[in-house]
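Student: In this text, residue positions in the sequence shown follow the UniProt record's numbering: the first is 1, and each later residue adds one. Beta carbons are placed, not taken as given, at the ideal position from N, Cα and C, and that holds for glycine. Note that this is a predicted model, so its numbers are computed, not measured.
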Amino acid sequence: MTDSLSEASAALLADVVRRAGGVRRPQQEEMLAAVAQALTDETNLLVQAGTGVGKSLAYLIPLLLRSVEEESGQLISTSSLALQRQIISQDGPLVQEALAETAGVEVDLQLLKGWSNYLCRYRLSGGLQEEFLWEDRQSAKAGEAEVARLQDWSNETETGDRDDVDFPVSASAWRQVSVSKRECLGSGCPYVEDCFPAQARERAFGADVVVTNHSLLGIYVNGRPEVLPEFSALVVDEAHDLVSRVRNQGTEQLSGGQIGTVARAVRPLSTSAAASLERVRDRLETELDQLRPGLLSLRPDSLRGALSELDQALQEAKSELGSKTGGAKQQEQAHLARARMEGLAAAVESWGADPAETITWVGTTLNGSAQLNLAPLHVSQLLGQRLFSAQPSILTSATLTAGGTFEPARWQSGIGLASRAHEAVDVGTSFTPEQQGILYLATHLSEPTPTGRGDEFYTELVELVEAAGGGMLGLFSSTQGVLEAAEYLRAHTDLEILVQGEDSLPALVRSFSASVNACLLGTMSLWQGVDVPGLTCRLVVIDRIPFPRPNDPIVQAQSRAAAAAGRNPFYEVSVVPAATMLAQGAGRLLRSSSDQGVIALLDSRIGSRSYGGFLRKSLPPFWTTTDPQIVRDALRRLGARANEREKKDADS
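1. Does the separation of the CB atoms of residue 443 and residue 626 fall below 8 Å?
2. Return helix, strand or coil for residue 587, following the three-state DSSP convention.
3. Using the C-alpha atoms, what's the distance from residue 285 back to residue 311?
4. How is residue 134 classed by DSSP in three states: helix, strand or coil?
5. Just the Cα atoms here: how many angstroms apart are residue 534 and residue 595?
6. Which term fits residue 50, buried or exposed, when burial requires 16 or more other beta carbons within 10 angstroms of its beta carbon?
7. I need the DSSP call for residue 408, collapsed to helix, strand or coil.
8. Starting from residue 173, trace the alpha helix (DSSP H) in both directions and tell me its first and last residue.
9. Helix, strand or coil, according to DSSP, for residue 102 in the structure here?
10. Quick check: the segment 426-434 against the segment 578-593, are at least 3 beta-carbon pairs closer than 8 Å?
11. Which class does residue 422 belong to by DSSP, given the choice of helix, strand or coil?
12. Could you round the C-beta distance between residue 161 and residue 191 to whole angstroms and report it? I think they count as a contact, below 8 Å.
13. Am I right that residue 501 and residue 642 are in contact with their C-beta atoms under 8 Å? What's the rounded C-beta distance?
14. Extract the residue ranges of the alpha helix (DSSP H) inside the segment 161-220, only unbroken runs of 4 or more that lie entirely within it.
15. Roughly how many whole angstroms lie between the Cα atoms of residue 124 and residue 632?
16. Going by DSSP, which residues form a beta bridge with residue 478?
17. How about residue 421 and residue 40: are their beta carbons less than 8 Å apart?
18. Counting beta carbon pairs with one atom in the segment 561-579 and one in the segment 609-617, are three or more of them shorter than 8 Å?
19. Check each candidate in 477, 426, 464 and 466 and name the one with the smallest Cα separation from residue 451.
20. Might you give, ordered along the chain, the residues of its own chain that have their beta carbon closer than 8 Å to the beta carbon of residue 33, omitting 5 neighbours on each side?
21. Within the continuous alpha helix (DSSP H) that includes residue 630, where are the two ends?
22. Return yes when the Cβ of residue 240 is within less than 8 Å of the Cβ of residue 399, no when it is not.
23. For residue 18, count the other beta carbons within 10 Å of its own beta carbon; 16 or more makes it buried, fewer makes it exposed. Which is it?
24. Suppose you measure from the CA of residue 338 to the CA of residue 189; what does that come to, to the nearest Å?
25. Ordered along the chain, which non-local residues of its own chain (more than five positions away) have a Cβ less than 7 Å from that of residue 30?
26. Write down the C-beta distance between residue 179 and residue 150 rounded to the nearest angstrom, noting that I regard them as a contact closer than 8 Å.
27. Residue range of the beta strand (DSSP E) that residue 375 falls in?
28. Could you pull the DSSP bridge partners for residue 233 from this structure?
29. In three-state DSSP terms, what is residue 49?
30. Would the beta-carbon of residue 468 fall within 8 Å of that of residue 590?
31. Taking C-beta to C-beta, are residue 63 and residue 424 nearer than 8 Å?
32. Which residue wins for smallest C-alpha separation from residue 377, given the options 437, 481 and 414?
33. Look at the alpha carbon of residue 107 and the alpha carbon of residue 318, and state the distance between them as a whole number of angstroms.
34. At the level of alpha carbons, what is the spacing between residue 85 and residue 244?
35. Measuring alpha carbon to alpha carbon, tell me which residue in 564, 72, 187 and 36 is nearest residue 207.
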């Protein structure tokens, strides 16, 4: 291949589109050219590509071609499982096949996830046993049945990947058949030659292009580069999620319950070390219980003392365990205990980092106990310095701009802080939102309050849903809002109301997709990734502008940092994330070039507050109205068409 990367990429895209029976998309070609140029120039790129562009092919083609020319590894990171599957099972093979047949080149594309995403044969066989607690006898029975099914599945699967399991598996059951990297026995495991996570890692480390997830990339950025193979170019798809995922991977928690778990693991090996840990547990619980939940602006000396005592107890326990000798069973116990201690040590290490660079707050565990939390404050700087300066990086998403500009994304993603130059391009969408969709702004409603919505909101909701005859995806900002709306709709309509939490999310989406009259209501999990094309989803209702919670410690810490730097904290920390989430929610409506429907934003602040224009600029250019009668008439027509189409399908 002697052509330039841009020329070779354009030719290969045309071939792939022809093979797939597709059509040319100018937006896809523009994105492909921009990606190829950035890779050629060794620069970074922000590229916004709306639904329907086919952005995965637009970066896969130049990336795979680069892997051939450079003979070096390339990395793709995504946020969602669905996109990983699309790349590995659909788009990737299309490009691989075309390359093999036209250029005689084989490109190896592999998927890599974190260690605990794969089945552990040794734990499944009874090794590495530890205390597992079920909520009650019924869940214990169900969990044991799940583990038995996983035992059978282990004899059939080639990957051991949890996401390949074709039956429901609870988190508790999976925990019993998987291990973290810390817990893994490594070369000392009797199943080392038949280890699913090790095999996945071996395949990935020998591949030309690796597809991973933002969580594993976050571990890499937070100081553990060994989790990923070396790569000379990076594509981050669903880039709007990257910063939060990286921060999550850098967050450590510490509670008395965690210390107690470690003490129980240590006790069979050293009663004195266990006793020391239990004393520290009691002291830490006392200290945390005396603190008010929320952001810790100052770290009390008494809490510093408890953490110092914990550090010392961990060092002593580690020394005690290191001096123990015994049989295989005792060695396993010691290994698991050390793995648990490493988790506590990581929290102590985070505590020892610069307090000005760390968000420290007191929260609660699932059982209501106090918990210390530590998270990195300036994630964008980590990304800019450790990731985007190292190699050419392409960040892409349908929602990279906010308020019609890339400026927030440049700095919040960290790409504007990298030593490498960058460009930004918005290729638009292959759809026509101004012709396919209506944006309804219910400016006549009262503004929402923290305590809930009044009767006029629910009346408006029912009128919209009944006009559409169902087919509504309801995106809410709180679980309480979902439950109250579902109760009202069930009492005032005869439609099928599907509610997040009443079944698994995939099952709910399947039920919603199968009926033109059902309504699906949920919180943040539904704002992204739900893909229901056609008139089945003809109405998307957004209950309120999705601002982050102002009492969230991370939001509070970011706001203080922005204010201290002379920036506008409300816009930076609240309005910009709300704009991104609003655009993600609106993106659920048009999933194909023939889709039509209505986005109904039932929050009058979009029209009355100063930030309303910024938020509207963040949305696709739908035809916009504030007239409820126009919207109801349009929904009636869409509902009638949906029912006619369903009747035709049933008759045919």
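Tutor: Straight from the coordinates:
1. Stepping through the sequence shown from its first residue, residue 443 is reached at position 443. Stepping through the sequence shown from its first residue, residue 626 is reached at position 626. Contact flag set, yes.
2. The residue you call residue 587 lines up with position 587 of the sequence shown. When DSSP states are grouped into helix, strand and coil, residue 587 belongs to the coil group.
3. On the sequence shown, residue 311 is found 311 positions in, with the first residue counted as 1. On the sequence shown, residue 285 is found 285 positions in, with the first residue counted as 1. Going from the Cα of residue 311 to the Cα of residue 285 covers about 16 Å.
4. Your numbering for residue 134 matches position 134 in the sequence shown. The predicted position of residue 134 is uncertain, since its pLDDT is 48 and thus under 50; no value can be drawn from it.
5. Against the sequence shown, residue 534 aligns to sequence position 534. Against the sequence shown, residue 595 aligns to sequence position 595. About 5 Å.
6. By 1-based counting over the sequence shown, the position of residue 50 is 50. The residue in question, residue 50, is buried, as its Cβ has 16 or more Cβ neighbours within 10 Å.
7. In the sequence shown, residue 408 corresponds to position 408, counting from 1. DSSP places residue 408 in helix when its eight states are reduced to three.
8. Walking along the sequence shown from the start, residue 173 turns up at place 173. Its alpha helix (DSSP H) spans residues 171-175.
9. The residue labelled residue 102 in the question sits at position 102 within the sequence shown. If DSSP states are grouped into helix, strand and coil, residue 102 belongs with the helices.
10. yes
11. Start at 1 with the first residue of the sequence shown, and residue 422 comes out as number 422. DSSP places residue 422 in strand when its eight states are reduced to three.
12. For the purposes of this step, residue 161 is taken as residue 161 along the sequence shown, with counting starting at 1. For the purposes of this step, residue 191 is taken as residue 191 along the sequence shown, with counting starting at 1. Not confirmed; about 16 Å, so no contact.
13. In the sequence shown, the residue the question calls residue 501 occupies position 501. In the sequence shown, the residue the question calls residue 642 occupies position 642. 26 Å between Cβ atoms; not a contact.
14. 171-175 and 196-205
15. Against the sequence shown, residue 124 aligns to sequence position 124. Against the sequence shown, residue 632 aligns to sequence position 632. Using only the alpha carbons, I get a separation of about 56 Å.
16. By one-based count along the sequence shown, residue 478 stands at place 478. Paired residues: none, contrary to the question.
17. Working through the sequence shown from its first residue, we reach residue 421 at position 421. Working through the sequence shown from its first residue, we reach residue 40 at position 40. No, the Cβ-Cβ distance between residue 421 and residue 40 is not below 8 Å.
18. yes
19. Start at 1 with the first residue of the sequence shown, and residue 451 comes out as number 451. That would be 477, whose Cα lies nearest to the Cα of residue 451.
20. Residue numbering aside, residue 33 sits at position 33 when the sequence shown is read from its first letter. Contacts found: 6, 9 and 10.
21. Taking the sequence shown and counting its residues from 1, one reaches residue 630 at position 630. From DSSP, the alpha helix (DSSP H) with residue 630 extends over 628-651.
22. Locating residue 399 in the sequence shown gives position 399, where the first residue counts as 1. Locating residue 240 in the sequence shown gives position 240, where the first residue counts as 1. Taking C-beta atoms as the reference points, residue 399 and residue 240 count as a pair closer than 8 Å.
23. Taking the first residue of the sequence shown as 1, we reach residue 18 at position 18. Exposed.
24. For the purposes of this step, residue 338 is taken as residue 338 along the sequence shown, with counting starting at 1. For the purposes of this step, residue 189 is taken as residue 189 along the sequence shown, with counting starting at 1. Their backbone Cα atoms lie some 16 Å apart in a straight line.
25. Numbered from 1 along the sequence shown, position 30 holds the residue referred to as residue 30. Only 427 meet the Cβ criterion.
26. Start at 1 with the first residue of the sequence shown, and residue 179 comes out as number 179. Start at 1 with the first residue of the sequence shown, and residue 150 comes out as number 150. Not really, about 14 Å apart at Cβ, beyond 8 Å.
27. On the sequence shown, position 375 is the one that residue 375 refers to. Taken as a continuous stretch (DSSP letters only), the beta strand (DSSP E) holding residue 375 covers 370-376.
28. The residue labelled residue 233 in the question sits at position 233 within the sequence shown. The beta-bridge partner set that DSSP reports for residue 233 consists of 74.
29. By 1-based counting over the sequence shown, the position of residue 49 is 49. Residue 49 falls in the strand class under three-state DSSP.
30. Sequence index remark: in the sequence shown, residue 468 carries index 468 (1-based). Sequence index remark: in the sequence shown, residue 590 carries index 590 (1-based). Not in contact: residue 468 and residue 590 (Cβ atoms no closer than 8 Å).
31. Numbered from its first residue, the sequence shown carries residue 63 at position 63. Numbered from its first residue, the sequence shown carries residue 424 at position 424. No, they are not a contact pair.
32. To locate residue 377, count along the sequence shown from 1; it is residue 377. Selected option, being the one with the closest Cα: 414.
33. Within the sequence shown, numbered from 1, the residue matching residue 107 stands at position 107. Within the sequence shown, numbered from 1, the residue matching residue 318 stands at position 318. So the alpha carbons of these two residues sit roughly 46 Å apart.
34. To locate residue 85, count along the sequence shown from 1; it is residue 85. To locate residue 244, count along the sequence shown from 1; it is residue 244. Taking the straight line joining both Cα atoms gives about 22 Å.
35. Here residue 207 corresponds to residue number 207 of the sequence shown, with the count starting at 1. Of the candidates 564, 72, 187 and 36, the one whose C-alpha sits nearest the C-alpha of residue 207 is 72.
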